[in-house]
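Here's the structure we're looking at; comments come further down.
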Amino acid sequence: MIPINQDVKQASQYQQQNPNYEIEQLEIQNFENQQHQQTQSQAKESSEVVEKLNQIEFNNLENMINKGQHLQQMGQYQKAIEFYDKALVIRPQFANCLNIKGVCLEKLGQYEQAIEWYDKALAINPQFVGCLHNRGVCLYYKGQYEQAIEWFEKALAINPQFVNSLNNKGVCLEKLGQYEEAIEWSDKALAINPQCVNSLSNKGACLQKLGNYKQAIKLYDEALVINPQSVNYLNNKGVCLEKLGQYELAIEWSDKALAINPQSVNSLNNKGVCLEKLGQYEQAIEWYDKALAIDPQFVGCLHNRGVCLFYMGQYEQAIEWFKKALAVNPKYLNSQIRKGQCLEKMGQYQQAIQCYDKALFINPQSVNSLNSKCVCLEKLGQYQKAIKFYDKILTINPQSFNSLNSKGVCLEKMGQYQQAIQSYDKALIINSQFEGCLHNKGVCLEKMCEYQQAIQQYDKALGINPQFLISIEGKGVCLFKMGEYEQAIKWFDKALDINPQAVSSVKGIGFCLEKMGQYQQAIKYFHIALAITPQYEQQYKDIIQQLFQQL
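Heads up: the sequence shown at position 420 corresponds to 420 in full-length UniProt numbering, and the numbers run straight through without jumps.
Shown next, in the form of structure tokens:
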């Protein structure tokens, strides 16, 4: 048998002895039930209080963020940050709030601080695609394009369809001069969203840099269908038209941009560039001045104003504007070169060379700087040095027919006619229609007394340009040296039909008439030459005196 528990036995005895036992038990049970219900009610009330407190906290958090975002949309970034900070007091680990605070700092140009807040958000959520992207944007604005690309790639590793990162990777590549590759990334963004106006614009900018202006215009037109009020797209289309030589039409697009934003310095500047290209230098300067009134540090505009003065022959004034551009940006290559060209025009060749050397320090591969230095060395009669620099140009660009031609001129000046002809021939292989080079080859042959061959070269030049005065005169000189005086006179007359002040042809006729014994007529032509170039008065008087002695 199983023994009965002592407590159970006692309870049974108590139940038998107490007639109110069942009533007592019922009261105990009711009390216990009442206590349980009371506990449940208190727990429910506590839960409701916690829920209400959580709801108040959530409402406060949501309220702070909403206020911050509203201010952010209004461009009041500093005030927006104040509300985000209040939200972060409530929930310090709220990654999205950390991110949008970073965005505000980025908009304020405080890139280092923005990166700190992006890093805080990423410490909480390393997979936060938007935050990875935003960190890349800050690096882009700091000019750290390669590092920026790394962060856009991190975002794309998580979401390969993230259009903003695809687009901005392309923008960074464009800044690095990798235009073809940049276009590929713009195309990837456009494959996902054909209406991505930034990608259309960025692809257009790359095509523009590659010189594909017509294709770039098509892209800007597509962007303008989506956003017709974009000053940048309007302006960039105008720039492409200017590059295509359509200056009047380009001005129309600059005007459209200025109708939307009269303070657009790029549009003001570009309108000036078009007027400059049209030879309207005074009007161009007016538009450059309008741009500079808004942004006095606009380097390109300071430079362009100097260019107008250069073309107006005001070299000293032009130099002042190039100096202003260089004061803002000492590495602005074009102003350094133009400053040298002004000095060259003023006959200050050594000082000009110093400017070109500074330009070459900035960019040792600058063909324009090397070429300009060569011109000065030629003017100084330093032909061997000039040849050395032409050779440097040809190392950079072996297809530079202009450099081959100029090298030939230096060799010709040094009396090395055969070598000069070799250089001319190399240039003509690249550009057979280069009339100046054909003429120069003729000059060498003439100096080698190969008159018939020289005439052939002059005829080739005239076949390309029948009005090419120096080749007409060159042919006349060869005929004169061959004793064909009447034929020579015909060609000198052709030259004078083009330019009645062509003194070489006037003298040429005079010498032909002298050889033909027509001294009186010859005297007449030397008097005409004297009237055109009175600085050679004594020389002409001596010739005329000799002719009188022949009468």
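For each residue, glycine too, the CB sits at the ideal point set by N, CA and C. On a predicted model such as this, the values are computed, not experimentally measured, just so you know.
- [ ] Measure the beta-carbon distance from residue 629 to Y213 and round it to whole angstroms, keeping in mind my assumption that it falls under 8 Å.
- [x] Past the edges of the chain, shown from 1 to 551, lies residue 629, and the structure says nothing about it.
Open item on the list: Nearest by alpha-carbon distance to Y233: which of G211, F480, C342, S201 is it?
Closed with: S201
Open item on the list: Measuring only the C-alpha atoms, how far is A531 from Y311?
Closed with: 29 Å
Open item on the list: Rounding to the nearest angstrom, what Cα-Cα distance links K277 and I115 in this structure?
Closed with: 45 Å
TODO: Whole angstroms is fine: what's the gap from A502's alpha carbon to P228's?
DONE: 55 Å
Task: Pairwise C-alpha distance: L241 and W151 - done: 36 Å
Task: Whether F526 touches I498 by CB criterion (8 Å) - done: no
- [ ] State yes or no: is the C-beta of E344 within less than 8 Å of the C-beta of C376?
- [x] yes
Task: Reduced DSSP category for K331 - H, G, I as helix; E, B as strand; rest coil - done: coil
- [ ] Could you check which residue in K271, S403, E316 has the C-alpha nearest to that of G300?
- [x] K271
Open item on the list: Along the chain, where does the alpha helix (DSSP H) containing R305 start, and where does it finish?
Closed with: 299-311
- [ ] Please go through the same chain and pick out, in chain order, the residues whose beta-carbon is closer than 7 Å to the beta-carbon of Q317, but skip the five residues on each side of it.
- [x] L309
TODO: Please say whether G68 and A87 have beta carbons closer to each other than 8 Å?
DONE: yes
Task: When A216, K392, L462 are compared against G238, the one with the closest alpha-carbon - done: Comparing Cα-Cα distances from G238 to each of A216, K392, L462, the minimum goes to A216.
Open item on the list: Going by beta-carbon coordinates alone, are I396 and S369 separated by less than 8 Å?
Closed with: No, these two residues do not count as a Cβ contact at 8 Å.
- [ ] Could you tell me whether the Cβ atoms of K475 and W491 are closer together than 8 Å?
- [x] Their beta carbons are under 8 Å apart, which means K475 touches W491 by this criterion.
- [ ] Measure the Cβ-Cβ separation of Y356 and K373 and say whether it is below 8 Å.
- [x] yes
Task: Euclidean distance between Cα positions of A359 and Q178 - done: 24 Å
Task: Residue environment, A523, which counts as buried when at least 16 other CB atoms sit within 10 Å - done: Checking the displayed sequence, the identity of residue 523 turns out to be Ile instead of Ala. Buried, since its Cβ has 16 or more Cβ neighbours within 10 Å.
- [ ] In the DSSP assignment, find the unbroken alpha helix (DSSP H) run with G436 in it and report its ends.
- [x] 435-447
TODO: Tell me, to the nearest whole angstrom, how far the beta carbon of C449 is from that of Y417; I am working on the premise that it is less than 8 Å.
DONE: The C-beta distance from C449 to Y417 rounds to 10 Å, too long to meet the 8 Å contact threshold.
Task: Touch test, the segment 117-130 against the segment 90-108, Cβ-Cβ under 8 Å, three pairs minimum - done: Judged by Cβ distances under 8 Å, the segment 117-130 makes contact with the segment 90-108, as three or more pairs qualify.
Open item on the list: Using only the alpha-carbon positions, how far apart do A495 and F389 sit?
Closed with: 35 Å
Task: Member of Q161, V103, L404 whose CA lies at the smallest distance from the CA of G136 - done: V103
Open item on the list: What residue range does the alpha helix (DSSP H) around A155 cover?
Closed with: 145-158
- [ ] Have a look at N164, E378, S432 and flag the residue whose alpha-carbon is nearest the alpha-carbon of K399.
- [x] Checking the displayed sequence, the identity of residue 399 turns out to be Gln instead of Lys. Ranking N164, E378, S432 by Cα distance to Q399 puts S432 first.
TODO: Check L411 in the structure and name its three-state DSSP category.
DONE: Reduced to three states, the DSSP call for L411 is helix.
Task: Secondary structure of D245, DSSP reduced to three states - done: Note on identity: in this sequence residue 245 is Gly, with Asp being the wrong assignment. G245: coil per DSSP, three-state reduction.
Open item on the list: Within 10 Å of its beta-carbon, does Q350 have 16 or more other beta-carbons around it, so buried, or fewer, so exposed?
Closed with: exposed
Task: Cβ distance (whole Å) where S230 is taken to contact K203 below 8 Å - done: S230 to K203, Cβ: 15 Å. No contact.
TODO: Helix, strand or coil for D295, going by three-state DSSP, please let me know.
DONE: D295 falls in the coil class under three-state DSSP.
Open item on the list: Tell me the rounded alpha-carbon separation between I354 and K339.
Closed with: A small correction: the amino acid at residue 354 is Gln; Ile does not occupy that position in the sequence shown. Between Q354 and K339, the C-alpha separation is close to 10 Å.
- [ ] Spatial neighbours of A352 within its chain, please: CB distance less than 6 Å, with the 5 preceding and 5 following residues excluded, ordered by chain position.
- [x] G340, L343, E344, C376.
Open item on the list: Less than 8 Å between C-beta atoms, sequence neighbours within five positions excluded: which residues of the same chain meet that for N193?
Closed with: V163, S199
Open item on the list: Quick check: what's the CA-CA separation for E146 versus Y140?
Closed with: 8 Å
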